[in-house]
Amino acid sequence: MAKTRTDTKTDPADLAALISRAQADRNTGKDGLPPIERWNPPYCGDIDMEIRADGTWFYMGTPIGRPALVRLFSTVLRRDEDGKTYLITPVEKIGIRVADAPFLGVEMTRSEDAAGQVLTFRTNVGDVVAAGPDNPLRFVITGETDQLKPYLLVRGRLEALINRAVTYDLLALGEETEFDGERIYAIRSAGAVFPVMPMARLEAGL
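Using my numbering, the letters of the sequence shown map in sequence onto residues 1 to 206.
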């Protein structure tokens, strides 16, 4: 059972100050993000912080209303092999709850390069990511209503759930192709092919 952190030192302001100091690390990654993949701090329990399915961040049941603070927290998120999501600083590893994906894809642009179509997404916390071999799209059909949910790998093991409006635009760019000997509906981006579903299921109305 995960332990819950109860000391009074971990609140959003204190944590933000610690993260800001961590971002001053000169060994930042290529995207200017803190090098959290290299940090291995001790696990210090969980805090009452949650990312809801709509992308809203909550602390102790109250929405975090400052976009800059949410963006700051998002830069030190890491999903580990245990499937849990943590805030990582040089001195602490703190568990939080994520209802679905930690990020939302809220905008998409289409461009062309030598490999053909390139689809680039913006997340609700300011990441800009082109779907491709290093940042694949995956599609999940879930729920009693067979809802189609696309996810984009943003960094590490962290994904963005593409919001419904962008999903419609994304699916409009799909095409029928063959994949592993099966007719499928798929999305292409940066030379990669991402299966959405078998054509038989699409033609049957999911």
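Where is the CB? At the ideal position from N, CA and C, for every residue including glycine.
Distance check for Asn163 and Ala186, CA to CA, integer angstroms please. Numbered from its first residue, the sequence shown carries residue 186 at position 186. Numbered from its first residue, the sequence shown carries residue 163 at position 163. Approximately 18 Å between the Cα atoms of the pair.
Which term fits Phe179, buried or exposed, when burial requires 16 or more other beta carbons within 10 angstroms of its beta carbon? Position 179 of the sequence shown, counting from 1, holds the residue named residue 179. Its Cβ having fewer than 16 others within 10 Å, Phe179 is exposed.
Curious, which full-length alpha helix (DSSP H) runs of at least 4 residues does the stretch 44 to 76 contain? 67 to 74
Could you say which of Leu202, Val193, Trp39 and Pro198 lies nearest to Val118 if we only look at CA atoms? Numbered from 1 along the sequence shown, position 118 holds the residue referred to as residue 118. Closest option to Val118, judged by alpha-carbon separation, among Leu202, Val193, Trp39 and Pro198: Val193.
Considering Ala172, what are the terminal residues of the alpha helix (DSSP H) in which it resides? Locating residue 172 in the sequence shown gives position 172, counting from the first residue. Element bounds for Ala172: n/a, residue is neither H nor E.
Can you have a look at Ser189 and say buried or exposed, based on whether 16 or more other CB atoms are within 10 angstroms of its CB? Here residue 189 refers to the residue found at position 189 of the sequence shown. Answer is buried; the Cβ neighbour count reaches 16.
Go through its chain and collect everything with a Cβ distance to Phe103's Cβ below 8 Å, but skip five positions before and after it. Counting from 1 along the sequence shown, the entry for residue 103 is found at position 103. Here the set comprises Gly55, Ser74, Thr123, Asn124, Val125, Asp127, Val154, Leu158, Glu159, Ala160 and Leu161.
Cβ pair count under 8 Å reaching 3, the stretch 144 to 152 against the stretch 83 to 99: no
I need the boundaries of the alpha helix (DSSP H) containing Arg201, first residue and last residue. Here residue 201 refers to the residue found at position 201 of the sequence shown. Segment Met199 to Glu203, the alpha helix (DSSP H) holding Arg201.
Relative to the alpha-carbon of Leu69, which residue among Gly61, Trp57 and Asp80 has its alpha-carbon at the smallest distance? As a first step, residue 69 is located in the sequence shown; it is residue number 69 there, counting from the start. For Leu69, the closest C-alpha among the options Gly61, Trp57 and Asp80 is that of Trp57.
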